[in-house]
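Numbered per our numbering, the sequence shown spans residues 4 to 144. Just so it is clear, CB atoms sit at the ideal spot from N, CA and C, and this is done for glycine as well.
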Amino acid sequence: MQQSKEEFLAKVNAVSKNTLMETLDIEMIDYGDAFLVARMPVTPKVHQPDGVLHGGATAALAESVGSFASHIFTDIENYFVRGLEITANHLKSVKDGYVYAKATFLHKGRTTQLLDIRITDEADNLVSICRLSTISLPKKK
4 MQQSKEEFLA
14 KVNAVSKNTL
24 METLDIEMID
34 YGDAFLVARM
44 PVTPKVHQPD
54 GVLHGGATAA
64 LAESVGSFAS
74 HIFTDIENYF
84 VRGLEITANH
94 LKSVKDGYVY
104 AKATFLHKGR
114 TTQLLDIRIT
124 DEADNLVSIC
134 RLSTISLPKK
144 K
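Have a look at this one:
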C-alpha cells in the first residue's frame, strides 16, 4: 500500500524529534519526484542580535532539507547519506514570518549528489541561494 503525501511527510517529520530540526522548528511540507520543501519560522530564536534571520540558521535549514532530499531519494536499506559541503549566499534580510527552502537536484549520482536550495520568504522573495553536496556510502553489513 502506498502512503499518501500527508502520511509520508508526517513520517519524515517524526524522525526530527530531539534534533536540531525540532529546535529550529523546521518541518518538511511538500515533495515531488525530484524536490523537497521545508519551512522554518523566523522568530527571535533564529535571529542575529539585531533582529534579522541568522545566516547560520538559514544554512541549517538548507542542509536539513537538502540532506533529507538525498536521504529519501536513496536506497536507505543499503546506503547512508552525509553532507560533504554547503555554501550559502545571503541576499535579503528577514525579520519575521516563515522562510521556505526548496531543494532540487543538480546532480543525482550513485555516490555523490549536488543540490540547489533556494530560500524564499512568504512573498516568494529570494533570501538565500545554497548549494549542498552529499555522499551516499554503503552500510556495513
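Please identify the residue among the options whose C-alpha is closest to the C-alpha of residue i.
i	options	result
Glu10	Gly59, Val49, Ile32	Ile32
Asp119	Lys20, Thr46, Ser70, Asp28	Ser70
Ala154	Leu23, Tyr34, Leu27	This structure cannot settle anything about residue 154, because the visible part of the chain is limited to 4 through 144.
Asp78	Ala62, Gly112, Pro52	Gly112
Asp99	Gly54, Gln5, Pro141	Gly54
Leu23	Val45, Thr107, Ala63, Pro52	Ala63
Leu94	Asn21, Arg121, Thr107, Asn81	Arg121
Compute the Euclidean distance between the alpha carbons of residue i and residue j, then round it to the nearest angstrom.
i	j	result
Phe83	Asn92	28 Å
Glu143	Thr137	Note on identity: in this sequence residue 143 is Lys, with Glu being the wrong assignment. Answer to the nearest angstrom: the Cα atoms are 19 Å apart.
Leu39	Ser19	15 Å
Glu125	Lys105	13 Å
Ala37	Thr115	15 Å
Ser96	Ile29	18 Å
Ser73	Leu135	10 Å
Ala60	Leu129	16 Å
Tyr103	Leu87	22 Å
Val49	Leu117	26 Å
Glu66	Asp127	20 Å
Leu27	Tyr101	12 Å
Gly58	Ile75	26 Å
Val45	Pro141	37 Å
For residue i, which three-state DSSP category applies?
i	result
Ala37	coil
Ala106	strand
Thr137	strand
Leu117	strand
Glu88	strand
Thr26	helix
Leu94	coil
Lys111	strand
Would residue i be called buried (16 or more neighbouring beta carbons within 10 Å of its own) or exposed?
i	result
Arg42	buried
Leu56	buried
Ser139	buried
Leu148	Limits of the chain in this structure are 4 at one end and 144 at the other, which puts residue 148 out of reach.
Ser131	buried
Thr123	buried
My parser needs the alpha helix (DSSP H) runs of 4 or more residues fully inside the stretch 31–75; what are they?
58–75
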